[in-house]
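Numbering (my numbering), first residue to last: 1 to 58. Beta carbons: idealized from backbone N, C-alpha and C, even for Gly. Just below is one structure, and these are the notes that go with it.
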């Protein structure tokens, strides 16, 4: 169980860094497809992170 918690923490930290990088690029006007290719993650994950964060801010 502890290993799973460690993995979840690391995954969340990675998501936070990826999200911050992706959001910075999107704010500069970079298309999602280019952000996804640059960060080597699916564009759907960027959309998901963006939606998840906007839901948390409500």
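ask   = Applying the criterion that 16 or more other CB atoms from any shown protein chain within 10 Å of the CB defines a buried residue, is residue 24 buried or exposed?
value = When all chains shown are included, residue 24 counts as exposed.
inquiry  = Any beta carbon of chain C sitting closer than 8 Å to that of residue 38?
reply    = In the displayed structure, chain C is absent; only one protein chain is listed.
key: Span of the alpha helix (DSSP H), counted from its first residue to its last, around residue 41   = No alpha helix (DSSP H) contains residue 41, which DSSP labels as neither H nor E.
ask   = Excluding five sequence neighbours on each side, which residues of the same chain lie with their C-beta closer than 8 Å to the C-beta of residue 42?
value = Cβ neighbours of residue 42 beyond the five flanking positions: 36.
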